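What follows is a set of notes on a single structure, which appears directly below.
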Amino acid sequence: CLMHEFSCTRGRCVSRHFLCDKIFDCPYGDDESPQVCGKCRFNEYRCKGERKKCISNYFVCDSKADCPVGDDEDSC
Numbered sequence: 058c059l060m061h062e063f064s065c066t067r068g069r070c071v072s073r074h075f076l077c078d079k080i081f082d083c084p085y086g087d088d089e090s091p092q093v094c095g096k097c098r099f100n101e102y103r104c105k106g107e108r109k110k111c112i113s114n115y116f117v118c119d120s121k122a123d124c125p126v127g128d129d130e131d132s133c
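Start counting at 1 in the sequence shown, then tack on 57, and there's your number in this note's numbering.
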């Protein structure tokens with residue numbers, strides 16, 4: 058894989074842009090695994106992206122973007 062790509066199990070490469078976006082791009086879901094994305098508590102929302110940030114569910118859909126890319130306000 059190139060430097061800007063993530064290496065999936067069995068050799069497939071995906072752009073790091075697609076890591077932790079809650080969509081399985083690797084055949085076995087490696088790009089969404091807790092080892093790659095971190096693990097949030099049951100009452101937390103995991104932001105999209107590589108930063109592994111978790112925010113309280115209280116801050117989801119509060120009309121203020123708390124995640125780096127603002128995905129906590131996307132489906133409101």
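All C-beta atoms, glycine included, are put in the ideal place defined by N, C-alpha and C.
As the structure is a computational prediction, the values presented were derived from the model and not from experiment.
Is the beta carbon of residue i less than 9 Å from the beta carbon of residue j?
| i | j | result |
| --- | --- | --- |
| Cys133 | Cys111 | no |
| Asp82 | Cys65 | yes |
Tell me, to the nearest whole angstrom, how far the beta carbon of residue i is from that of residue j; I am working on the premise that it is less than 8 Å.
| i | j | result |
| --- | --- | --- |
| Arg69 | His61 | Actually they do not touch by this definition, with Cβ atoms about 15 Å apart. |
| Pro125 | Cys104 | 6 Å |
| Asn100 | Ser113 | 7 Å |
| Tyr102 | Asp129 | 6 Å |
Given a threshold of 16 other Cβ atoms within 10 Å of its Cβ, counted over all protein chains shown, does residue i qualify as buried or as exposed?
| i | result |
| --- | --- |
| Asp88 | buried |
| Leu59 | exposed |
| Asp131 | exposed |
What first and last residue would you give for the alpha helix (DSSP H) that runs through residue i?
| i | result |
| --- | --- |
| Cys94 | 91-94 |
Determine the extent of the beta strand (DSSP E) in which residue i is found, giving its start and end residues.
| i | result |
| --- | --- |
| Ile112 | 111-113 |
| Tyr102 | 101-103 |
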